[in-house]
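When the sequence shown is numbered by numbering that gives the first Met the number 0, its final residue is 451 and no position is left out of the sequence of numbers.
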Amino acid sequence: MDYPFEPFKIKSVEPIYFTTREEREKILKDAGYNLFFVKSKYITVDLLTDSGTGSMSQFQWAAMMKGDESYAGASSFDRFEEAVRKYTGKKIVIPTHQGRAAEKIISHVIFSGEGGKIAVSNTFFDTTRANFQYGGAKLFDLPSPESRDIFSDKMFKGNIDLERLEYLLKKEGQKIKLITMTVTNNTAGGQPVSIENIKAVRNLADKYGVLLHIDACRVSENSYFVKKYESGYADKSIADIVRETLSFADIVTMSAKKDGLVNIGGYIATDDEDLALKFKEMLILWEGFPTYGGLAGRDLDAIAVGLMESLDEDYLEYRISQVRYLGEGFKQAGIPVLWPTGGHAVYVEAARFLPHIKRENFPGQALVVALYLEGGIRTAEIGSLMFGRDTDVEHEFVRFAIPRRVYTRSHLDFVIDVMKNLSDGKAKIRGLEIEYEPPFLRHFLVRMRPVE
Ligand code: F0G
């Protein structure tokens, strides 16, 4: 498969360092087989996350020089507010230092007061899940039935299951306080969500008096899929599709580290003045004054420019095709990949790839470790290690997340070659067991060892 070449030239470069297999063996052992503990200088291609790892444009770097670092009323905030209003269509804009800070604030305001304590989602991302649970909520994931068939060609596998949603709304009534639509649906493979699905959720939210929250980290990428694959959107601009998507939400949170094309930042946006006031009260406690919210003025300026750049169709065409290129490469080599590829990453189903490794020995993490050992590639497990303690995990995914505007096709070809090599010798890959795990978000701090 072909994809449009990078719609940019490289002006500033960062070296990649190479390690030997022997070095990587020792590094893995020292890191307790947890790739979060490996220093980036020992990574050849870093596909751990697409979050905060992108390259900024010359326009963003230039905008940073305009950063106004006044504690209150900075002009950087005005530029940020204007851009977020334009992007989301919401009136009230509250900066936070990243997505989970926004989640913590809304969780506290929504679940600590009177009323329902249940939240449902197409699938909660791990930080959203942890923050809402910490805030006292009981959570239900209701991914669409199509998402179960991970190899079919169906589009919009990120949707919520509307039938199950209505069933739960009827059954639990007032106990349900919030519906979260994660767009794109990261945990379900970065799969897009259709506007038709979000619209139907809005109707149910109105019918049952529930708040609708959109986790909009990757809504520009989602809008590209809507334009391309949802009927009636081919002639609309990405900017209009983003605004239409978010028009259905009462509360928007966004980690700008994804489609904001920056290395740090986030926000809450809403039209609800009462909620906004409560959010701001907690913001001051945890993040800072509402005109900076845990960020430097220059960060706000970089986000203002980055959000607009993420709406560029040439960029999105290249971005989504790059992800697909990696997925195609794996698929052609007979590696089980979640299909179609989503917006920001390729997901390999490790339980199928390594059928000799039992679920309790974490086939996903075993593949993560093998990829590092073989090629110095860092990926992330999204399976039993990440979620196994809280939920029934259907798939053992390994996520190859592609940082924005960072790697070229030759880097991806290298990753495809490493996967092919692993595929040839996969019987030798061993499972893992846990030595230590923390009470929340265990994959970040876990220490493991190979099983004999
Ligand atoms: N929501 C989604 C869907 C995310 O993917 C993330 C982060 C967050 C919220 C939290 O944002 O990191 O700025 O606090 N996802 C990263 C990832 C970490 O690797 O997928 P944050």
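We treat Cβ as the ideally placed atom computed from N, Cα and C, and that holds for glycine.
In this text, all values refer to a predicted model and were calculated from it rather than measured experimentally.
How would you call M55, buried or exposed, if buried means at least 16 neighbouring beta carbons within 10 angstroms?
The Cβ neighbour count for M55, taken over all protein chains shown within 10 Å, is at least 16; the residue is labelled buried.
Beta strand (DSSP E) segment containing A369, residue limits:
For A369, there is no enclosing beta strand (DSSP E); the residue is found in the alpha helix (DSSP H) stretching over P362 to G374.
Out of G374, I319, K85 and V445, which one is the CA nearest neighbour of Y223?
Ranking the options by Cα distance to Y223, first place goes to I319.
Could you tell me which of N420, E195, S383 and D77 sits nearest to T290, measuring between CA atoms?
Each of N420, E195, S383 and D77 was checked against the Cα of T290, and the nearest Cα belongs to D77.
Is any heavy atom of the ligand SAH found at a distance shorter than 7 Å from the C-beta of Q321?
Here the bound small molecules are the ligand F0G; the ligand SAH is not part of this structure.
Cα-Cα separation between Y32 and M63, rounded to whole angstroms
Approximately 38 Å between the Cα atoms of the pair.
Using a Cβ-based criterion (distance less than 7 Å to any ligand heavy atom), does R128 qualify as near the ligand F0G?
Because no heavy atom of the ligand F0G lies under 7 Å away, the Cβ of R128 does not count as near it: no.
Cutting at 7 Å between CB atoms, please list the residues of its own chain near R404, excluding the five before and the five after it.
F7, G53 and S54, listed in sequence order.
Do you know how far the Cα of D205 is from the Cα of E22?
About 58 Å.
3 or more residues per run - each beta strand (DSSP E) lying fully within the region 90 to 139
Counting only unbroken stretches of 3 or more residues, the beta strand (DSSP E) elements lying wholly within the region 90 to 139 are 91 to 95 and 117 to 120, in sequence order.
Select from G424, Y317, E373 and G430 the residue whose C-alpha is nearest the C-alpha of K454.
Past the boundaries of the shown model lies residue 454; the chain is included only from 0 to 451, so the question cannot be answered.
Mapping the DSSP letters down to three states, classify T87 as helix, strand or coil.
Here T87 sits in helix by DSSP.
Might you give, ordered along the chain, the residues of its own chain that have their beta carbon closer than 6 Å to the beta carbon of D67, omitting 5 neighbours on each side?
These residues qualify, in order along the chain: A73, S74, S75 and G296.
For K457, which option in D423, I428 and G265 has the closest C-alpha, if you only look at C-alpha atoms?
What is shown of the chain runs 0 to 451, which leaves residue 457 out entirely.
Could you check if N221 belongs to the surroundings of the ligand F0G, using beta carbon to heavy atom distance under 7 Å?
Not so, every heavy atom of the ligand F0G lies at least 7 Å from the Cβ.
In angstroms, rounded to a whole number, what distance separates the CA positions of D271 and T378?
For D271 and T378, the distance between alpha carbons rounds to 39 Å.
Residue of E171, Q173, R201 and S39 minimising C-alpha distance to T179
With distances taken between CA atoms, T179 lies nearest to R201 out of E171, Q173, R201 and S39.
Would the region 341 to 348 count as touching the region 314 to 333 if we require 3 or more Cβ pairs under 8 Å?
Pairwise C-beta distances place the region 341 to 348 in contact with the region 314 to 333, as three or more of them are shorter than 8 Å.
Contact defined as beta carbons within less than 8 Å: I believe V261 pairs with T244. What is the distance between those atoms, to the nearest angstrom?
Between V261 and T244 the beta-carbon gap is near 21 Å, outside 8 Å, which marks them as no contact.
Give a single yes or no on whether G259 has its beta carbon closer than 7 Å to a heavy atom of the ligand F0G.
No.
Terminal residues of the beta strand (DSSP E) in which G265 lies:
That run of the beta strand (DSSP E) goes G265 to T269.
Quick one: residues in its chain with C-beta nearer than 8 Å to the C-beta of R242, no 5 flanking neighbours on either side, listed in chain order?
Once the five neighbours on either side are set aside, the close Cβ partners of R242 are Y86, T87 and G88.
Check whether the Cβ atoms of V445 and E432 lie closer than 8 Å to each other.
No, Cβ-Cβ distance for V445 and E432 is not below 8 Å.
Given this structure, state the Cα-to-Cα distance separating Q173 from A118, to the nearest angstrom.
Taking the CA atoms as reference points, Q173 sits about 11 Å from A118.
Distance CB(P142)-CB(T122) smaller than 8 Å:
Yes, the pair counts as a contact, with Cβ atoms nearer than the cut-off.
When you compare the CB positions of G98 and T252, do they come within less than 8 Å of one another, or not?
It is a contact, given that the beta carbons lie within the stated cut-off.
Would the beta-carbon of T512 be found less than 7 Å away from any heavy atom of the ligand F0G?
Not covered by the structure: residue 512. The range shown for the chain is 0 to 451.
For V182, count the other beta carbons within 10 Å of its own beta carbon; 16 or more makes it buried, fewer makes it exposed. Which is it?
Result: buried.
Report whether the distance from the Cβ of S120 to the nearest heavy atom of the ligand F0G is below 7 Å.
Outside the cutoff, so no.
Judging by CA-CA distance, which residue of Y41, G188 and K235 is the nearest neighbour of Y16?
Nearest of Y41, G188 and K235 to Y16, Cα basis: Y41.
Close Cβ partners of K176 (< 8 Å) along its chain, the five nearest in sequence each way excluded
Leaving aside the five residues that flank K176 on each side, the residues in its chain whose CB is nearer than 8 Å to its CB run, in chain order, I109, F110, G114, G115, K116, I117, A118, A136, V209 and L210.
Which residue comes first and which comes last in the alpha helix (DSSP H) that contains R388?
For R388, no alpha helix (DSSP H) segment is defined, and its DSSP state is neither H nor E.
Can you name the start and end residues of the alpha helix (DSSP H) that M281 belongs to?
E272 to W285 is the span of the alpha helix (DSSP H), which, as asked, contains M281.
According to DSSP, is H410 part of a helix, a strand, or is it coil?
Residue state, collapsed to three classes: helix.
Opening and closing residue of the beta strand (DSSP E) in which K153 lies
The continuous stretches of beta strand (DSSP E) do not include K153, and DSSP gives it neither H nor E.
I need the DSSP call for H442, collapsed to helix, strand or coil.
Looking at H442 - three-state DSSP - the assignment turns out to be helix.
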